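Worksheet for the structure shown next.
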Amino acid sequence: MTTVTRSRILPALLGAAGALTALVVWQLAATVGPLSGAPLPSALEALGAAGRLLGTPQLWQAMADTLVMALTGLLAAAIVGVLLGIAIGSSPLAMHATRVPLEFLKPIPPIVILPVVVLVLGPTSGMGTFLVFFGSFIAIAVQSSAGVFDTDPVARATGASYGMTRAEILTRIVIPSALPYIGTALRVAAPTSLVIAVVAGLLGGGPGLGQSLLMSQISGNQPELFGYVLILGVLGLLIQGLSQWGERRLLHWHPQYRKAEHA
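Going by this note's numbering, 75 is the number at position 94 of the sequence shown; the sequence numbering is gapless.
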């Protein structure tokens, strides 16, 4: 077994062992531990409920609604955020003028504007898509502008000395240099978009897994509620893994990622 293969398999095995340990601790705490008298279902009951849910068309419809909101909002945020970040990062004046407003807006959670968005758009998928967009595009814009602004000035000057136009310097030097920043922003925003889409259904009444969680909570079906939680956790892991894989594949040419692959 090569060193690269071992470095990839070992973290996966450790992660699986950690997940199994957490399930065992959960099972013991809910059956013979301090939470045995609480409404918390056991791990086996939650896993059984999750298995039953996977056989229902309602789950897959709710999952599709959630993924459509998350991916549509994330795509719109990526387009607007990257374009805005490139425009801001290309101008030192714009970079310094917008830094404070963007940093002020970045930590504001989408839940703050949820009541207004529900009032305007109603409990619809459009509402969830807008919340995902709002919760993602500012962070993407900030990271993209930082990547553009931090481009090596020597590389810019070298391109200019070879007679490259501003557009050529932007497309051939600046944007490739900023791509690791943009890739990191998208990787972080991908699982965040799923969380926001679920919150849109849970608190805003929109369609999707969030609404299913709310219905299970209202009906008092605790095993089903935690079954949805487990399914959401697995879905989040899949999205996180796909975003990391896409980042590595798209930026495999970059020295930072070539170095990581051969480490």
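C-beta atoms are modelled at their ideal positions from N, C-alpha and C, and glycine is treated no differently.
Values in this document were obtained by computation on a predicted structure and should not be read as measured data.
- With respect to the 7 Å criterion, T110 and G187 are not classified as neighbours on the basis of their beta carbons.
- One alpha carbon belongs to I212, the other to L(-9), and they sit about 24 Å apart.
- Here L(-6) carries a helix assignment [DSSP, helix/strand/coil].
- Taking C-beta atoms as the reference points, A43 and S193 count as a pair closer than 7 Å.
- Nearest in C-alpha terms to I92, of all of S23, G208, E84, A181, is A181.
- Contact annotation, A10 with L16: C-beta distance approximately 5 Å; criterion of less than 8 Å satisfied.
- Within the segment 92 to 157, complete alpha helix (DSSP H) segments of at least 4 residues are found at 95 to 102, 106 to 130, 134 to 142, 147 to 150, given in chain order.
- Counting the other CB atoms within 10 Å of its CB gives E84 a total below 16, which places it among the exposed residues.
- DSSP places H77 in the helix class (H, G or I) of the three-state scheme.
- Within the same chain, and ignoring the five residues on either side of S158 in sequence, the residues whose Cβ sits closer than 6 Å to its Cβ are T132.
- Here the segment 122 to 139 makes contact with the segment 62 to 72; the two share three or more CB pairs at distances below 8 Å.
- Put simply, the backbone Cα of T165 is about 16 Å away from that of V61.
- In this model, A19 and A(-2) are separated by some 27 Å (Cα to Cα).
- In this structure the segment 28 to 48 touches the segment 199 to 217; the number of beta carbon pairs closer than 8 Å is three or more.
- The alpha-carbon of A0 is positioned some 11 Å away from that of W7.
- Nearest Cα to A59 within the set L183, G189, L167, L223: L167.
- Counting of Cβ neighbours within 10 angstroms places G185 among the buried residues, the total reaching 16 or more.
- Between A51 and S174, the gap from beta carbon to beta carbon is short of 7 Å.
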